[in-house]
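Protein chains in written order, with my numbering: chain A, 164 to 296; chain B, 142 to 651. Note that CB positions come from ideal geometry on N, CA and C, so glycine has one too.
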């Protein structure tokens, strides 16, 4: 079982790492969606198999993932809001849409910066060590 | 609490009263004023209000209006009674008096006058479970009102005012016995059909109002005019009234003015006034009456309060409501729920006014936030309060100023979850006064939202009791209110933080 957990976690971590690099390159809606999915899957894996990781290590990783999820969530919320408001016939030049686009730009920039920081810090390698993979 | 003002333009005097009304409590009088103008004298003599009394009336009305305007009243009613009902130059009088008062003056019928008197008496001294007979002797007319168990049953208005009778019967001073007899006969003739209609027996309480009754009670109890508060609800026997009448009927004006409790102007018309009161007591075979200080003005204030006049200024205008409802539709908010929350929020805003002391304009912002607090669900149910904030803050909302829109958005932001904090940019960008308004309205919005949990039709009404150390909400509901109680408890902490007292929810009995 432990071997399975290690290989499953390593695969999800690898996938997360790939999506993180993609987001650092471009924080478009597609990349953010993929990143959020990879974060959610890795986070659930850590929670479900928590007893197979060194004590408390999984909690710290989940906490860090949660922070990145917040960055991605802020950008994703703006994408959804802009799309829904368009469907609700709110003019694209309205103050609301303009403000949301500005917020989306800022949130995307924040996410890209955060992703790059994590890549520079080689976060995947650190987590592999921490989780004893 | 709402403040109201009333002016009663009588045939003998003009009275003004301004009061603050707290539901379930006697009105708190903020100002009262009275001026003898004898409008009726010229009307009963010549058929029209002559120039001099009209000029005096306008000047008195202007003074009284200036007085009540300083008190921020939300509802005003100015009424004219008997003399103006009979005058030939009504149009001129109404135009000039309305201009002086700054508000339309209306001529009320004798029955409306009686209804207001009854309301005034009942609001200050409820007569639950009793059959009551009330007489109000004015300058031009006397109103006789029959009530039962707090409800007006029948009312009569007769031309038996003190000024009118003096003009018609008592020319000499002291009055001639022959003229007194004629006057008494006339009074009996006017009262006879009322006695036949209402009957002499079965009355639990007889109440006399008006300045005539006040003067009679003061004179009999030997209480000076300055201490008239002491005679409210005083019992006076028919024998005492008869003795007083016999005494004053023989005196001239100077003699009558010497009697303790009767003012110098009242002394001029006290004889016909007491004659009406005495004949009323005799014709109905009544042993005594109680004096009540209430009058038309108290009735007007009770009437304005019962109709919730002025509450509309704390509610959205038609255009504003149309705008927020359109936003609700655009963002998929169930309108029925939004309207219900807005209604409950309005009720709570009014009921909690003694605690928050915010102006009516704050009620409008609260109502708008009550409509719009859930628009954020349109974007995402996760942290929907935050989505509500930016949706409202950046939407075009005709009818609202930029600041109002930001305040509504901020209220939406805090309708759930965390209270405002030092790291919250939206809240910190408000000025001190706006922060205070938002902070005071947040618990009310949360309560209103909580009380409409589950079935949107469960809560039919909310009444509020403000105790020294607690606020109790009585919820009128068809079914159980467990869900509403649970929801209100969840919002209770915010209420306690802001208002320094807990809030509890109980089910009101139908």
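N-terminal and C-terminal residue of the beta strand (DSSP E) that residue i is part of
| i | result |
| --- | --- |
| residue 350 (chain B) | 346–350 |
| residue 207 (chain A) | That residue, residue 207 (chain A), is in no beta strand (DSSP E); its alpha helix (DSSP H) goes 192–211. |
| residue 157 (chain B) | 154–161 |
| residue 176 (chain B) | 169–177 |
| residue 287 (chain B) | 283–289 |
| residue 615 (chain B) | 612–618 |
| residue 259 (chain B) | Careful: residue 259 (chain B) lies outside any beta strand (DSSP E), inside the alpha helix (DSSP H) at 251–265. |
| residue 299 (chain B) | 292–299 |
| residue 512 (chain B) | Run containing residue 512 (chain B): none in the beta strand (DSSP E); it sits in the alpha helix (DSSP H), 501–513. |
| residue 150 (chain B) | 144–150 |
| residue 166 (chain B) | It is not in any beta strand (DSSP E) - residue 166 (chain B) carries neither H nor E in the DSSP assignment. |
| residue 216 (chain B) | 216–221 |
| residue 462 (chain B) | It is not in any beta strand (DSSP E) - residue 462 (chain B) instead sits in the alpha helix (DSSP H) that spans 459–471. |
| residue 320 (chain B) | From DSSP, residue 320 (chain B) is part of no beta strand (DSSP E) but of the alpha helix (DSSP H) over 318–339. |
| residue 378 (chain B) | 376–378 |
Residue i, enclosing alpha helix (DSSP H) - first and last residue
| i | result |
| --- | --- |
| residue 396 (chain B) | 394–398 |
| residue 247 (chain A) | 220–250 |
| residue 247 (chain B) | Segment 246–248 is the beta strand (DSSP E) holding residue 247 (chain B); no alpha helix (DSSP H) there. |
| residue 626 (chain B) | 623–640 |
| residue 412 (chain B) | 407–424 |
| residue 211 (chain B) | Residue 211 (chain B) -> no alpha helix (DSSP H), and no H or E assigned at all. |
| residue 188 (chain A) | 165–188 |
| residue 111 (chain A) | Absent from the model: residue 111 (chain A). The displayed extent of chain A is 164 to 296, so no value can be given. |
Sequence-distant residues of its chain with Cβ nearer than 7 Å to residue i (five each side left out)
| i | result |
| --- | --- |
| residue 503 (chain B) | 578, 582 |
| residue 422 (chain B) | 379, 382, 430 |
| residue 173 (chain B) | 157, 158 |
| residue 278 (chain A) | 183, 186, 187 |
| residue 508 (chain B) | 456, 457, 483, 486, 487 |
| residue 386 (chain B) | 415, 416, 419 |
| residue 618 (chain B) | 599, 600, 601, 648 |
Under 9 Å between C-beta atoms of residue i and residue j
| i | j | result |
| --- | --- | --- |
| residue 212 (chain B) | residue 144 (chain B) | yes |
| residue 298 (chain B) | residue 223 (chain B) | yes |
| residue 206 (chain A) | residue 183 (chain A) | no |
| residue 221 (chain B) | residue 248 (chain B) | yes |
| residue 226 (chain B) | residue 250 (chain B) | yes |
| residue 291 (chain A) | residue 176 (chain A) | yes |
| residue 203 (chain B) | residue 243 (chain B) | yes |
| residue 649 (chain B) | residue 584 (chain B) | no |
| residue 563 (chain B) | residue 530 (chain B) | no |
| residue 600 (chain B) | residue 622 (chain B) | yes |
| residue 294 (chain A) | residue 172 (chain A) | yes |
| residue 478 (chain B) | residue 515 (chain B) | yes |
| residue 512 (chain B) | residue 251 (chain A) | no |
| residue 548 (chain B) | residue 532 (chain B) | no |
Neighbourhood of residue i by C-beta, 8 Å cutoff - its chain only, sequence neighbours within 5 removed
| i | result |
| --- | --- |
| residue 244 (chain A) | 263 |
| residue 194 (chain B) | 178, 179, 180, 182, 183 |
| residue 208 (chain B) | 157, 159, 172, 174 |
| residue 267 (chain B) | 291 |
| residue 605 (chain B) | 488, 489, 492, 493, 612, 613, 614, 615 |
| residue 258 (chain B) | 275, 277, 284, 286, 350, 435, 436, 437, 440 |
| residue 391 (chain B) | 315 |
Proximal residues to residue i (C-beta, below 6 Å), its chain only, five neighbours per side dropped
| i | result |
| --- | --- |
| residue 147 (chain B) | 158, 218, 438, 441, 442 |
| residue 331 (chain B) | 299, 301 |
| residue 538 (chain B) | 464, 546 |
| residue 192 (chain A) | 242 |
| residue 296 (chain B) | 252, 255, 286 |
| residue 178 (chain A) | 201 |
| residue 216 (chain A) | 294 |
Along the stretch 262–295 of chain A, where does the CB come closer than 8 Å to a CB of chain B? Name the residues.
262, 263, 266
With a threshold of 8 Å, are at least 3 pairs of Cβ atoms found where one atom belongs to the stretch 518–537 of chain B and the other to the stretch 476–483 of chain B?
no
Counting Cβ pairs closer than 8 Å, one from the stretch 555–563 of chain B and one from the stretch 255–270 of chain A, do we hit at least three?
no
Listed in chain order, which residues of the stretch 233–257 of chain A have Cβ atoms closer than 7 Å to some Cβ of chain B?
240, 243, 244, 247, 251, 257
Contacting positions in the stretch 495–522 of chain B - beta carbon closer than 7 Å to chain A:
519, 520, 521
Inter-stretch contact at 8 Å, needing at least 3 Cβ pairs: the stretch 253–272 of chain B / the stretch 432–449 of chain B
yes
For the stretch 395–413 of chain B and the stretch 299–312 of chain B, state whether three or more C-beta atom pairs, one from each stretch, are separated by less than 8 Å.
yes
Members of the stretch 471–495 of chain B near chain A, C-beta cut-off 8 Å:
471, 472
Three or more C-beta pairs closer than 8 Å, one from the stretch 275–287 of chain B and one from the stretch 345–364 of chain B: is that the case here?
yes
With three or more C-beta pairs closer than 8 Å as the rule, is the stretch 616–631 of chain B touching the stretch 584–597 of chain B?
yes
Quick one, which residues of the stretch 528–545 of chain B are near chain A if we go by CB-CB under 9 Å, in chain order?
528, 531, 532, 534, 535, 536, 537
Under 8 Å, CB to CB, which of the residues in the stretch 174–205 of chain A have a partner in chain B?
none
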